[in-house]
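>
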Amino acid sequence: MPTGRDTEARIVAKREVAPNHFEMRLACDAPATEVEPGQFLHLWLPERVDPLLRRPYTVYRTHDDGFDILFQVVGRGSGLLAQCDVGATVRVAWPLGGGFALPPDGSTAIVVGGGVGMASLYLLIERLARAHVPTQVLLGARSRDYVLCRSEIEALGVPLHIATDDGSEGHHGFVTELAATVLDETETNTPHVYACGPTPMMQALTKVATERDAPTQVALENRMGCGLGVCLGCVVPIRADEDVSYKRVCVEGPVFDARVVIWEYRV
Amino acid sequence: MPTGRDTEARIVAKREVAPNHFEMRLACDAPATEVEPGQFLHLWLPERVDPLLRRPYTVYRTHDDGFDILFQVVGRGSGLLAQCDVGATVRVAWPLGGGFALPPDGSTAIVVGGGVGMASLYLLIERLARAHVPTQVLLGARSRDYVLCRSEIEALGVPLHIATDDGSEGHHGFVTELAATVLDETETNTPHVYACGPTPMMQALTKVATERDAPTQVALENRMGCGLGVCLGCVVPIRADEDVSYKRVCVEGPVFDARVVIWEYRV
Amino acid sequence: MTDLSVNIGGMSLKNPVMTASGTFGYGSEYAEFVDLNRLGAVGLKSITVEPREGNAPPRIAETEAGMLNSIGLQNVGIDAFISDKLPYLKQFDTRTLVNLSGRTVADYVELCGRLDGTEGVHGLELNVSCPNVDSGGMEFGVDASMLGALVEACRGATTLPLIVKLSPNVTSVVDMARVCESAGADGISLINTLLGMAINVETRRAELSRGMGGLSGPALKPVAVRMVWQVYNAVSLPIIGMGGISTTEDALEFIIAGASAIAVGTANFVNPRTTMEVVDGLESYFRRHEIPNLAALRGTCIVG
Amino acid sequence: MTDLSVNIGGMSLKNPVMTASGTFGYGSEYAEFVDLNRLGAVGLKSITVEPREGNAPPRIAETEAGMLNSIGLQNVGIDAFISDKLPYLKQFDTRTLVNLSGRTVADYVELCGRLDGTEGVHGLELNVSCPNVDSGGMEFGVDASMLGALVEACRGATTLPLIVKLSPNVTSVVDMARVCESAGADGISLINTLLGMAINVETRRAELSRGMGGLSGPALKPVAVRMVWQVYNAVSLPIIGMGGISTTEDALEFIIAGASAIAVGTANFVNPRTTMEVVDGLESYFRRHEIPNLAALRGTCIVG
Ligand SMILES: Cc1cc2nc3c(=O)[nH]c(=O)nc-3n(C[C@H](O)[C@H](O)[C@H](O)COP(=O)(O)OP(=O)(O)OC[C@H]3O[C@@H](n4cnc5c(N)ncnc54)[C@H](O)[C@@H]3O)c2cc1C
Ligand SMILES: Cc1cc2nc3c(=O)[nH]c(=O)nc-3n(C[C@H](O)[C@H](O)[C@H](O)COP(=O)(O)OP(=O)(O)OC[C@H]3O[C@@H](n4cnc5c(N)ncnc54)[C@H](O)[C@@H]3O)c2cc1C
Ligand SMILES: Cc1cc2nc3c(=O)[nH]c(=O)nc-3n(C[C@H](O)[C@H](O)[C@H](O)COP(=O)(O)O)c2cc1C
Ligand SMILES: Cc1cc2nc3c(=O)[nH]c(=O)nc-3n(C[C@H](O)[C@H](O)[C@H](O)COP(=O)(O)O)c2cc1C
Ligand code: FES
Ligand code: FES
Numbered sequence: 006m007p008t009g010r011d012t013e014a015r016i017v018a019k020r021e022v023a024p025n026h027f028e029m030r031l032a033c034d035a036p037a038t039e040v041e042p043g044q045f046l047h048l049w050l051p052e053r054v055d056p057l058l059r060r061p062y063t064v065y066r067t068h069d070d071g072f073d074i075l076f077q078v079v080g081r082g083s084g085l086l087a088q089c090d091v092g093a094t095v096r097v098a099w100p101l102g103g104g105f106a107l108p109p110d111g112s113t114a115i116v117v118g119g120g121v122g123m124a125s126l127y128l129l130i131e132r133l134a135r136a137h138v139p140t141q142v143l144l145g146a147r148s149r150d151y152v153l154c155r156s157e158i159e160a161l162g163v164p165l166h167i168a169t170d171d172g173s174e175g176h177h178g179f180v181t182e183l184a185a186t187v188l189d190e191t192e193t194n195t196p197h198v199y200a201c202g203p204t205p206m207m208q209a210l211t212k213v214a215t216e217r218d219a220p221t222q223v224a225l226e227n228r229m230g231c232g233l234g235v236c237l238g239c240v241v242p243i244r245a246d247e248d249v250s251y252k253r254v255c256v257e258g259p260v261f262d263a264r265v266v267i268w269e270y271r272v
Numbered sequence: 006m007p008t009g010r011d012t013e014a015r016i017v018a019k020r021e022v023a024p025n026h027f028e029m030r031l032a033c034d035a036p037a038t039e040v041e042p043g044q045f046l047h048l049w050l051p052e053r054v055d056p057l058l059r060r061p062y063t064v065y066r067t068h069d070d071g072f073d074i075l076f077q078v079v080g081r082g083s084g085l086l087a088q089c090d091v092g093a094t095v096r097v098a099w100p101l102g103g104g105f106a107l108p109p110d111g112s113t114a115i116v117v118g119g120g121v122g123m124a125s126l127y128l129l130i131e132r133l134a135r136a137h138v139p140t141q142v143l144l145g146a147r148s149r150d151y152v153l154c155r156s157e158i159e160a161l162g163v164p165l166h167i168a169t170d171d172g173s174e175g176h177h178g179f180v181t182e183l184a185a186t187v188l189d190e191t192e193t194n195t196p197h198v199y200a201c202g203p204t205p206m207m208q209a210l211t212k213v214a215t216e217r218d219a220p221t222q223v224a225l226e227n228r229m230g231c232g233l234g235v236c237l238g239c240v241v242p243i244r245a246d247e248d249v250s251y252k253r254v255c256v257e258g259p260v261f262d263a264r265v266v267i268w269e270y271r272v
Numbered sequence: 207m208t209d210l211s212v213n214i215g216g217m218s219l220k221n222p223v224m225t226a227s228g229t230f231g232y233g234s235e236y237a238e239f240v241d242l243n244r245l246g247a248v249g250l251k252s253i254t255v256e257p258r259e260g261n262a263p264p265r266i267a268e269t270e271a272g273m274l275n276s277i278g279l280q281n282v283g284i285d286a287f288i289s290d291k292l293p294y295l296k297q298f299d300t301r302t303l304v305n306l307s308g309r310t311v312a313d314y315v316e317l318c319g320r321l322d323g324t325e326g327v328h329g330l331e332l333n334v335s336c337p338n339v340d341s342g343g344m345e346f347g348v349d350a351s352m353l354g355a356l357v358e359a360c361r362g363a364t365t366l367p368l369i370v371k372l373s374p375n376v377t378s379v380v381d382m383a384r385v386c387e388s389a390g391a392d393g394i395s396l397i398n399t400l401l402g403m404a405i406n407v408e409t410r411r412a413e414l415s416r417g418m419g420g421l422s423g424p425a426l427k428p429v430a431v432r433m434v435w436q437v438y439n440a441v442s443l444p445i446i447g448m449g450g451i452s453t454t455e456d457a458l459e460f461i462i463a464g465a466s467a468i469a470v471g472t473a474n475f476v477n478p479r480t481t482m483e484v485v486d487g488l489e490s491y492f493r494r495h496e497i498p499n500l501a502a503l504r505g506t507c508i509v510g
Numbered sequence: 207m208t209d210l211s212v213n214i215g216g217m218s219l220k221n222p223v224m225t226a227s228g229t230f231g232y233g234s235e236y237a238e239f240v241d242l243n244r245l246g247a248v249g250l251k252s253i254t255v256e257p258r259e260g261n262a263p264p265r266i267a268e269t270e271a272g273m274l275n276s277i278g279l280q281n282v283g284i285d286a287f288i289s290d291k292l293p294y295l296k297q298f299d300t301r302t303l304v305n306l307s308g309r310t311v312a313d314y315v316e317l318c319g320r321l322d323g324t325e326g327v328h329g330l331e332l333n334v335s336c337p338n339v340d341s342g343g344m345e346f347g348v349d350a351s352m353l354g355a356l357v358e359a360c361r362g363a364t365t366l367p368l369i370v371k372l373s374p375n376v377t378s379v380v381d382m383a384r385v386c387e388s389a390g391a392d393g394i395s396l397i398n399t400l401l402g403m404a405i406n407v408e409t410r411r412a413e414l415s416r417g418m419g420g421l422s423g424p425a426l427k428p429v430a431v432r433m434v435w436q437v438y439n440a441v442s443l444p445i446i447g448m449g450g451i452s453t454t455e456d457a458l459e460f461i462i463a464g465a466s467a468i469a470v471g472t473a474n475f476v477n478p479r480t481t482m483e484v485v486d487g488l489e490s491y492f493r494r495h496e497i498p499n500l501a502a503l504r505g506t507c508i509v510g
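Protein chains in written order, with our numbering: chain A, 6 to 272; chain B, 6 to 272; chain C, 207 to 510; chain D, 207 to 510.
#1: Closest to A465 (chain C) by C-alpha separation, out of C:T208, C:D209 and C:I214, would be which residue?
#2: Output, in chain order, the set of chain D residues within a Cβ distance shorter than 7 angstroms of S415 (chain C).
#3: My guess is that V484 (chain D) and W49 (chain A) are in contact by the Cβ rule of under 8 angstroms, so how many angstroms apart are they, rounded?
#4: Spatial neighbours of A412 (chain C) within its chain, please: C-beta separation below 6 angstroms, excluding the five flanking residues on both sides.
#5: Take A200 (chain A) and list the residues in its own chain whose beta-carbon comes closer than 6 angstroms to its own, dropping the five residues that flank it on each side.
#6: Output, in sequence order along the chain, the residues in the segment 263-290 of chain D whose CB is closer than 7 angstroms to any CB in chain A.
#7: Any beta carbon of chain A sitting closer than 8 angstroms to that of R479 (chain D)?
#8: Could you check what DSSP says for R10 (chain B) in three-state terms: helix, strand or coil?
#9: May I have a chain-ordered list of the beta strand (DSSP E) segments no shorter than 3 residues that lie completely inside the segment 114-147 of chain A?
#10: So with Cβ pairs under 8 angstroms, would you call R494 (chain C) a contact of chain B?
#11: What's the gap between the Cα of I284 (chain C) and the Cα of K251 (chain C)?
#12: Which residues, in order along the segment 249-269 of chain B, keep a beta-carbon less than 7 angstroms from a beta-carbon of chain C?
#13: Kindly indicate which three-state DSSP category D290 (chain C) falls into: helix, strand or coil?
#14: What are the start and end residues of the beta strand (DSSP E) that includes P242 (chain B)?
#15: Measure the C-alpha to C-alpha separation of M482 (chain D) and S490 (chain D) and round it to an integer number of angstroms.
#16: Anyone know if the C-beta pair for T94 (chain A) and E13 (chain A) falls short of 8 angstroms?
Printed below as a string of structure tokens:
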């Protein structure tokens, strides 16, 4: 796992890809191609005391001269970021945390995204496709307007199944229901499941997947202080043998084996 | 004195008129023509807690659809304001405080500005010119690059005398020395003196002017909390008969009779 | 309809939104921005027996998300207050909470006595927590036995609702609140300013003429919310919560922590319409969440 | 050349810039950003006798210009600290200030004893002010006689420089500092976090699992500067100042108020290079103002 560095990054493009969801391209002088899928960056709007702390965002896509992030406006930090003009500079510490592990040769993969959770999964899908792992993507969204990364995934030639809360596209209901169906239909060896989305979705998915013995990796999105493993603010309770211990999402995560995560905690 | 209102104002133009000095045009839907010279506005960069408080700026010039301010970057608030783009909106409470009183018919006037203090004097010069009061403007600046409002004053046809700290233009030395000379050369009735600038300059000028019995009005620039007379944060000690009492710069000022100001206080 | 009315120790307010002492003048200054008829109550600047000139400038300084003040209780004194300031407020359909400050118990008792039965005065708030004068009552606010004696004496001098405004500069604000409860207070205001200091590093001078001053504004909100929560869980007196309230969400934090009413202070300086926005915001929050009245939300904070 | 070196109760630092306990891990985490050789000292996360798992999440929340934390002293315990963490730090030419936390006097004494004479440990800091565990030493920090007994016992257990880190959640921090001085402490750290609370108004849940937590960051700086100034004027022990330091100017405020050294805490999370920027900034300030050494600036604040 490469240790992070803290660099200045310039916003070179910004696009509202869905209501309140922005794709932003950041250029910096360090190559991003070594980033593992699921790793994140810690972004600072410099010289501000409000918001005081950095905000964590997954590296959504990489380029030779930087990377993209894909984010939803949910509060003060993301709101201010969305207002930043092209040309503005921010600071990013990256790459942080550990990424998803690709499945062993001969496996298949099911990638399950909920909402903006797709931001943490696209790079994984790209790598799976590149490694010729047979992959299906299941994507849950509020409605068809909120389906993220559709054209990017289609461009990779990976099959995409959609579930919407309001039925405006694909399965009318939860993406976890879709996951159960797809898992049940899979006849060969058990596929590897990868997921990122709202906690209730990941918790439900974990149940669906473990009932079917499918190895599952989830990317958690806890609140963070330092992003570097020192503040111990981002921990999640993890089952280890008989014991429970707190693991830091920023260093030991953000990707965890879903079966050892104790879901009955608040983020 | 009109009571203030609080309106949204849009930045419609911005120009760096001297190093670190900006002229900014603000448009709002209330007419600014009723503003008295010396009155100020209290400007807020909305939704910020840093800086927390508004910043006071004199109405520099008025237009039918708004006004200009002229300001120096000295800290966080002015720095952020200078970074605002054309098109951004701010909030302004205005007009606040009382203005300069024009001199009685038949008087002459000497207007003495130090640095960005000119921002508080231009509207006065305009009104003096419009009222055909024979006026001379004395302007002190660090160097010729920092001479503000030159063309505007020349356009009014009002004579302008310059003093610079480094001698790069006009009198090499303090504007107060220039003021003493001009006052001594004035042969008719005593002129009315108006001043705004750094506290030491105004204090020195008060001495020069009172020694020559010239009625003098100064515009003070104390730190402000509310700008509306309630916090009692902006007070200046004022001599009243035998007594000293604290007067609020935002309401009882910012223009005061120079002779009653007790200068030995810090702002 | 949502019922936002609330009773604070005998003072009935149409809604819980008040102004904090010293940040709203005597009401008239904000008339351009605020419909005083829509305020639950107007909290007024501290009054002393004699007029006071206050401290030398500089009296205020800005800090990160906060401000320091050292006004020093500049005020017109009780006589001028009654004759010149109070009449203006009588024309409005709101309540007035008159804030009192003194050097001695006798000062407070005199002020209570003068205002008892005075038309237009609906409640008294004892300021035992002004950090900005040598004898500004702060010693009452940090010493439990002095505080008890003061509140008892004042209780004997007035039949008006008696609120005690506590200092946050103490080890246990709960102990102080308990003392007030036993001594007969009708409510507790929390919090006054935290003692702070700022220094200009170029001149090496303290930013305030007296060195230290009181910190107010958003910076201290977490401390204020905590104290409201602690006191709410320890005494049964109604609490007026304040400290950094600038938005509806801030006001709700205090109510959920246990405040019966809230007061807007420093935010008035920044956005003079803050109180009106909070009244509107509370109405829509209660509607949206279908909460029938204030009591149904008060103190409902879930921990754990 | 400017001489920024300073001696804190026997611990000699090449410059006054330290890291605050709990905000810098055990040093290695910041190696990418910070040249540890350029730090005056590294302040380390609180150590307890046994390893501790800490509190349930959520453990942090952001507030205006500040953050709340309720980590609950999660740490590896004294044994693993000595065997696994300390060796890394020995390679650097800097000082280590090991922060100790306990439930009982015996805990602290045991920790002092274990570390006395341990290579690589240059000073001990007693955390008597952790607000985030039921027995985190906070009771020592708010009770003068308990504090005196604790410091005396620790004094007897170690010859290392002994610093006491005081809680700001007290009526008189000066009284606490005086007790430490009499009990034989070599220095005072000021301040630990202010007790605060934040509530999510949509869920009505406290943002932290334990409800209350410690406020740190720029918001509390004025309180910290004030306490340093008060203690500087009352006791003659050297002070390590901290609370919201993010820039050179912040550090200078503390030194001018009376701090002999300063520690950067929360700002490490925001800008991991803060300590280095402060070292550079202090050097240039001292040069620009032609101040020969730290003592010439310390406590020179002009009031009035
Ligand atoms: C490793 C990691 C990777 C992430 N990647 C992405 C990404 O690629 N795209 C994206 O849109 N978001 C991502 N997130 C979530 C993102 O960090 C938060 O949405 C953001 O920090 C919110 O900041 P804010 O100031 O806008 O909201 P705030 O004003 O701080 O909070 C608004 C609301 O969001 C909640 N919130 C705050 N922080 C978080 C958080 N870390 N996670 C979840 N909810 C939070 C608050 O509790 C509150 O309800 C990631 C989080 C982590 C930890
Ligand atoms: C009635 C009035 C009218 C004014 N008109 C103008 C004007 O037209 N143009 C203009 O450039 N400035 C004017 N000023 C001064 C202007 O308000 C300050 O320069 C501004 O508030 C500084 O804000 P800041 O955040 O940039 O500086 P800060 O970061 O707050 O402070 C930087 C430095 O400036 C000093 N400072 C802060 N506030 C003031 C203040 N009110 N007056 C003087 N020094 C201050 C601080 O002590 C500090 O040394 C006026 C002030 C008043 C009271
Ligand atoms: C400029 C100023 C003056 C104040 N004057 C008084 C006062 O006279 N009496 C009093 O009890 N509190 C006074 N306060 C304290 C406020 O009423 C309030 O308790 C405190 O500021 C916290 O609220 P806030 O953060 O919303 O301002 C004053 C506060 C400020 C900022
Ligand atoms: C996440 C976090 C953890 C902390 N842990 C400790 C600790 O273990 N022991 C201790 O004495 N202080 C601890 N502190 C307090 C800091 O050392 C410091 O006193 C305080 O945060 C004020 O400084 P700051 O505002 O620069 O952060 C912690 C602070 C934070 C923010
Ligand atoms: S965010 Fe600080 S340890 Fe993970
Ligand atoms: S700025 Fe508040 S009274 Fe003048």
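The beta-carbon is built from N, C-alpha and C at its ideal position, and this holds for glycine as well.
All figures in this text were calculated on a predicted structure; none of them were measured in a lab.
Answer, in terms of the structure:
#1: C:I214
#2: G510
#3: Incorrect: roughly 17 angstroms between the Cβ atoms, too far for contact.
#4: I405
#5: V117, M207, L210 and V223
#6: P263, P264, R265, I266, E268, E270, A271, G272, M273, N275, I277 and Q280
#7: yes
#8: strand
#9: 114-119 and 140-146
#10: no
#11: 11 angstroms
#12: S250 and Y251
#13: helix
#14: V240 to A245
#15: 13 angstroms
#16: yes
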